[in-house]
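Everything on this sheet refers to the single structure shown next.
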Amino acid sequence: MEIQNKIRKRKEEIQLLVAAGNIKKAIKRSMDYASDFCHDNLILQSLIELNIDYNVLLSQEGRSNGQGDSFRSERNTLVIKLLEHLDSIESTF
Amino acid sequence: MKFLADEIKTALRNDPINAAGHLVEFAMEHALDNKLVHQALILKMNLSENAGNGGQEPIVNDMISLVDKISAAAIQNDQTANAGASLPVRKKRHLPVRQNDIVCKGTGLNKAFKRNGFALRDIDVSFRLGEITGVVGENGNGKTTLFRLIIGDLALDAGTIDYPYIREKAGIFPEDWTNIKKHIAFIPQDLDRWFGSVRNNLHYELSVHSVYGQKNDDEVDYIIHRLGLEEHQDKTWGQLSGGYKLRFALARALVWKPKLLVIDEPLANLDIKAQLVILNDLRDLANGYRYPLSIVISSQHLHEIESVSDNIIFLRNGNMVFNGRVDDLGNEREENTYEFGCGLTQEELEKKLKGLSYYGIENTGLAFVIRTPLSVTHDQLLKKLLEENVNIEYFRNISQSTKKLFV
Chain G
4 MEIQNKIRKR
14 KEEIQLLVAA
24 GNIKKAIKRS
34 MDYASDFCHD
44 NLILQSLIEL
54 NIDYNVLLSQ
64 EGRSNGQGDS
74 FRSERNTLVI
84 KLLEHLDSIE
94 STF
Chain P
6 MKFLADEIKT
16 ALRNDPINAA
26 GHLVEFAMEH
36 ALDNKLVHQA
46 LILKMNLSEN
56 AGNGGQEPIV
66 NDMISLVDKI
76 SAAAIQNDQT
86 ANAGASLPVR
96 KKRHLPVRQN
106 DIVCKGTGLN
116 KAFKRNGFAL
126 RDIDVSFRLG
136 EITGVVGENG
146 NGKTTLFRLI
156 IGDLALDAGT
166 IDYPYIREKA
176 GIFPEDWTNI
186 KKHIAFIPQD
196 LDRWFGSVRN
206 NLHYELSVHS
216 VYGQKNDDEV
226 DYIIHRLGLE
236 EHQDKTWGQL
246 SGGYKLRFAL
256 ARALVWKPKL
266 LVIDEPLANL
276 DIKAQLVILN
286 DLRDLANGYR
296 YPLSIVISSQ
306 HLHEIESVSD
316 NIIFLRNGNM
326 VFNGRVDDLG
336 NEREENTYEF
346 GCGLTQEELE
356 KKLKGLSYYG
366 IENTGLAFVI
376 RTPLSVTHDQ
386 LLKKLLEENV
396 NIEYFRNISQ
406 STKKLFV
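Line order of the protein sequences matches chains G and P.
Per the working numbering, the very first residue in the first sequence carries number 4; after that it's consecutive.
Per the working numbering, the very first residue in the second sequence carries number 6; after that it's consecutive.
Structure follows, in structure tokens:
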């Protein structure tokens with residue numbers, strides 16, 4: 004039970020980072036989450052790719068100087084992918 | 006359920022920014038479908054971004070309709086459950102419970118240097134898994150000597166040092182330094198120059214620790230991205246700033262999952278933002294579930310180090326003045342100590358504080374330190390200063406900080 008609570012708490016910590024818009028930290032903590040609780044290395048690899056995509060998105064956004072609709076939509080797509088990974092890790096543990 | 010949902014909807018109409026947090030809690034607590042939780046999180050994030058620019062209305066409408074969806078599904082589920090249906094029970098997997106989490110324990114540690122007469126005397130330390138211990142004290146008071154004893158770099162004159170968790174995990178005998186050291190990472194204050202790229206050095210480090218092939222690649226990828234080195238992975242020593250050299254040193258130390266990480270003055274050359282990022286990363290990594298570690302860190306940045314540490318050791322002239330939980334600092338104090346900056350001379354300040362009970366004021370050159378009876382709270386002192394129109398540049402209550410041991 005203790006471990007289930009730990010997994011749930013760590014997932015909630017990341018969800019709250021997302022709600023607060025702290026995506027960079029949410030991605031970092033998701034990588035830790037995967038490293039700690041997931042035996043399927045593909046999820047960690049996918050989170051690393053997600054981190055790369057988010058960095059690219061941020062640098063594109065930096066160049067266009069402002070948060071446009073396209074940035075928000077692409078960012079939200081990445082965030083949903085991240086949240087799905089969290090669910091998947093929790094459900095398969 | 007319906008009552009709670011109605012309350013949240015009303016709050017969303019009246020004060021969406023604050024109510025969005027309640028929506029997230031509501032979704033995390035009651036949503037049966039994870040997709041609804043995802044929607045709540047993203048709506049809250051988008052709402053905060055749109056605060057004050059007039060784009061909130063459609064987001065608030067989406068939030069209200071989400072509350073309806075979540076409550077409708079939950080009510081329907083309750084009815085089904087009451088009709089006798091049982092929910093599936095997830096199979097639980099149990100991970101091993103940790104028996105002994107003391108990574109390093111030193112008792113009566115003594116080390117004297119004939120050359121300069123300095124001696125570290127009767128130091129007792131205990132470093133536990135998942136904890137950060139901050140070691141503070143002025144320069145030349147024994148921090149680095151203590152570290153060198155812990156990592157087995159210096160021989161003890163007297164005392165004993167043991168690594169129970171490491172020995173238990175790896176089946177090592179107490180004096181088997183060669184194998185004990187394989188689980189200890191040390192980052193000195195002055196980082197040695199290295200050759201090649203960041204990424205290649207990490208691959209090399211792992212192979213030295215017998216990690217090869219795909220596992221080696223995966224661990225390097227993880228640590229590079231985890232510590233924010235992705236844009237610097239192909240750079241060499243000369244191409245990295247001081248902050249990234251430290252990040253690399255951390256990556257190299259952490260990539261092979263040591264049980265004890267000892268870091269000497271890592272914050273010395275970092276700006277405030279970089280300090281916070283590093284300390285937060287260390288906090289997160291120490292608490293890791295699969296690979297927790299004990300971190301011992303020295304620093305002159307007392308406020309920052311106390312904020313992430315579980316324990317604090319304060320050394321003065323080779324003696325241990327304090328060793329305990331951060332929360333216990335100053336618990337048995339007999340006075341309060343406050344530090345503040347203002348543009349007054351000591352004489353002017355004393356005049357302004359007439360009527361307030363205090364034991365003494367010291368001008369450190371940069372700030373005033375005032376010692377008061379315990380009955381004088383920081384609220385009262387601040388109120389008095391404001392009433393006397395003192396222009397306060399900064400104010401800090403150091404009654405429960407090692408800072409007061411320095412003044």
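Where a beta carbon is used, it is the ideal one built from N, C-alpha and C, also for glycine.
All values derive from a computational prediction rather than experimental measurement.
Rounded to the nearest angstrom, what separates residue 378 of chain P and residue 41 of chain P at their Cα positions?
Walking along the second sequence from the start, residue 378 of chain P turns up at place 373. Walking along the second sequence from the start, residue 41 of chain P turns up at place 36. Going from the Cα of residue 378 of chain P to the Cα of residue 41 of chain P covers about 54 Å.
Q) Mind checking if residue 88 of chain G is an interface residue toward chain P, Cβ cutoff 8 Å exclusive? A) For the purposes of this step, residue 88 of chain G is taken as residue 85 along the first sequence, with counting starting at 1. False, the Cβ-Cβ gap to chain P never drops below 8 Å.
* Asked: Does the distance from the C-beta atom of residue 16 of chain P to that of residue 27 of chain P stay below 8 Å?
  -> Position 11 of the second sequence, counting from 1, holds the residue named residue 16 of chain P. Position 22 of the second sequence, counting from 1, holds the residue named residue 27 of chain P. Cβ atoms of residue 16 of chain P and residue 27 of chain P: closer than 8 Å.
Residue 223 of chain P versus chain G: which residues are under 8 Å apart at the beta carbon? As a first step, residue 223 of chain P is located in the second sequence; it is residue number 218 there, counting from the start. 44, 47 and 48, listed in chain order.
Outcome for residue 6 of chain P when other beta-carbon atoms lying within 10 angstroms are tallied against a minimum of 16: For the purposes of this step, residue 6 of chain P is taken as the residue at position 1 of the second sequence. Looking at its Cβ environment, which holds fewer than 16 other Cβ atoms inside 10 Å, residue 6 of chain P is exposed.
Could you check what DSSP says for residue 382 of chain P in three-state terms: helix, strand or coil?
Taking the second sequence and counting its residues from 1, the one referred to as residue 382 of chain P is at position 377. Coil.
Is the shortest distance between the beta-carbon of residue 300 of chain P and the beta-carbons of chain G less than 8 Å?
For this step, residue 300 of chain P is matched to residue 295 along the second sequence. Residue 300 of chain P does not count as touching chain G.
Practice problem: Evaluate residue 406 of chain P with the Cβ neighbour count: other Cβ atoms within 10 Å of its Cβ, from every protein chain shown; 16 or more gives buried, anything less gives exposed. | Solution: By one-based count along the second sequence, residue 406 of chain P stands at place 401. With 16 or more Cβ atoms within 10 Å of its Cβ, residue 406 of chain P is classed as buried.
Measuring CB atoms only, is the segment 299-309 of chain P touching the segment 132-144 of chain P, in the sense that at least three cross pairs come out at less than 8 Å?
yes
DSSP bridge partner residues for residue 190 of chain P (one or two, in chain order)
The sequence position of residue 190 of chain P within the second sequence is 185, counting from 1. In DSSP, residue 190 of chain P forms a bridge with P/266.
Mind listing which residues of the segment 281-294 of chain P have their C-beta closer than 7 Å to chain G's C-betas, in chain order? 289, 293 and 294
**Asked** Alpha carbon to alpha carbon, what distance is there between residue 276 of chain P and residue 44 of chain P?
**Response** Numbered from its first residue, the second sequence carries residue 44 of chain P at position 39. Numbered from its first residue, the second sequence carries residue 276 of chain P at position 271. Rounded to the nearest angstrom, the two C-alpha atoms are 37 Å apart.
(Q) Counting only C-beta atoms, is residue 24 of chain G closer than 8 Å to chain P at any point? (A) Position 21 of the first sequence, counted from the start, is the residue given in the question as residue 24 of chain G. It does: the Cβ of residue 24 of chain G has a partner Cβ on chain P nearer than 8 Å.
* **Beta-carbon spacing of residue 326 of chain P, residue 316 of chain P below 8 Å** => One-based indexing of the second sequence puts residue 326 of chain P at position 321. One-based indexing of the second sequence puts residue 316 of chain P at position 311. Not closer than 8 Å, so no.
**OP:** Using a Cβ cut-off of 7 Å, pull out every chain G residue sitting near residue 50 of chain P, in sequence order please.
**Re:** As a working mapping, residue 50 of chain P is identified with position 45 in the second sequence. 21, 22 and 24, listed in chain order.
Requested in this report: Please list the residues of the segment 51-82 of chain G that have a C-beta atom closer than 8 Å to any C-beta atom in chain P, keeping them in chain order.
Outcome: Answer set for the segment 51-82 of chain G: 51, 54, 55, 58, 70, 75, 79 and 82.
Fill in: Cutoff 7 Å; reference residue 364 of chain P; Cβ partners in own chain excluding five residues on either side
In the second sequence, the residue the question calls residue 364 of chain P occupies position 359. 340, 376 and 377, listed in sequence order.
| query | Who are the near neighbours of residue 184 of chain P in its chain, counting only those whose CB is closer than 8 Å to its CB and skipping five residues on each side? | reply | Numbered from its first residue, the second sequence carries residue 184 of chain P at position 179. Cβ within range, chain order: 175 and 177.
**Prompt:** Quick one: does residue 33 of chain P have its CB under 8 Å from some CB of chain G?
**Reply:** Translated into positions along the second sequence, residue 33 of chain P becomes position 28. At least one chain G Cβ lies under 8 Å of residue 33 of chain P.
ask   = So who's on the other strand from residue 367 of chain P, going by DSSP bridges?
value = Translated into positions along the second sequence, residue 367 of chain P becomes position 362. P/374.
*Is it the case that the Cβ atoms of residue 34 of chain G and residue 208 of chain P are separated by a distance below 8 Å?*
Indexing the first sequence from 1 puts residue 34 of chain G at position 31. Indexing the second sequence from 1 puts residue 208 of chain P at position 203. It is not a contact, given that the beta carbons lie outside the stated cut-off.
Cβ-Cβ separation, residue 69 of chain P to residue 14 of chain P (assumed contact under 8 Å), whole Å: Indexing the second sequence from 1 puts residue 14 of chain P at position 9. Indexing the second sequence from 1 puts residue 69 of chain P at position 64. Confirmed, Cβ separation roughly 5 Å.
query: How is residue 57 of chain G classed by DSSP in three states: helix, strand or coil?
result: Indexing the first sequence from 1 puts residue 57 of chain G at position 54. Three-state DSSP puts residue 57 of chain G in a helix.
- Three CB pairs or more closer than 8 Å across the segment 393-404 of chain P and the segment 343-351 of chain P: Contact between the segment 393-404 of chain P and the segment 343-351 of chain P is present, because at least three Cβ pairs lie under 8 Å.
Worksheet item: Looking only at its own chain, which residues have a Cβ that is under 7 Å from the Cβ of residue 358 of chain P, when we skip the five neighbours before and after it?
Response: Stepping through the second sequence from its first residue, residue 358 of chain P is reached at position 353. If we look at residue 358 of chain P and ignore the five residues flanking it on each side, its Cβ neighbours are 389.
| Rounded C-alpha distance that separates residue 78 of chain G from residue 27 of chain G | Numbered from its first residue, the first sequence carries residue 78 of chain G at position 75. Numbered from its first residue, the first sequence carries residue 27 of chain G at position 24. Residue 78 of chain G and residue 27 of chain G: Cα-Cα distance of roughly 11 Å.
Review point. For residue 47 of chain P and chain G, any beta-carbon pair shorter than 8 Å?
Key: Your numbering for residue 47 of chain P matches position 42 in the second sequence. True, the Cβ-Cβ gap to chain G drops below 8 Å.
- prompt: Taking Cβ positions, are residue 110 of chain P and residue 131 of chain P nearer each other than 8 Å?
  reply: Mapped onto the second sequence, residue 110 of chain P falls at position 105. Mapped onto the second sequence, residue 131 of chain P falls at position 126. Yes, they are a contact pair.
Collapsed DSSP secondary structure at residue 222 of chain P in the structure displayed
For the purposes of this step, residue 222 of chain P is taken as the residue at position 217 of the second sequence. Here residue 222 of chain P sits in helix by DSSP.
Quiz prompt | Test: residue 33 of chain G CB closer than 8 Å to a CB of chain P | solution = As a first step, residue 33 of chain G must be located in the first sequence, where it is residue number 30. Chain P, which has no Cβ nearer than 8 Å to the Cβ of residue 33 of chain G, makes this no.
| If you draw a straight line from the alpha carbon of residue 57 of chain G to that of residue 369 of chain P, how long is it in whole angstroms? | On the first sequence, position 54 is the one that residue 57 of chain G refers to. On the second sequence, position 364 is the one that residue 369 of chain P refers to. In a straight line, the C-alpha of residue 57 of chain G is about 47 Å away from that of residue 369 of chain P.
Q.
Do residue 53 of chain G and residue 14 of chain G count as a contact pair if the criterion is CB distance below 8 Å?
A. The residue labelled residue 14 of chain G in the question sits at position 11 within the first sequence. The residue labelled residue 53 of chain G in the question sits at position 50 within the first sequence. No, these two residues do not count as a Cβ contact at 8 Å.
What are the residues of the segment 205-232 of chain P that lie near chain G, defined by any Cβ-Cβ distance shorter than 7 Å?
Answer in chain order: 223, 226, 227, 230 and 231.
Next on the checklist: For a test of the three-state rule: what should DSSP assign to residue 129 of chain P, helix, strand or coil?
Outcome noted: As a position in the second sequence, residue 129 of chain P is number 124, starting the count at 1. Residue 129 of chain P falls in the strand class under three-state DSSP.
Item checked: Cutoff 8 Å: residue 12 of chain G Cβ touching any chain P Cβ -> Locating residue 12 of chain G in the first sequence gives position 9, where the first residue counts as 1. No, no contact with chain P.
Coarse secondary structure for residue 315 of chain P, derived from DSSP in three states
Position 310 of the second sequence, counted from the start, is the residue given in the question as residue 315 of chain P. Residue 315 of chain P sits in coil when the DSSP states are folded into three classes, being neither helix nor strand.
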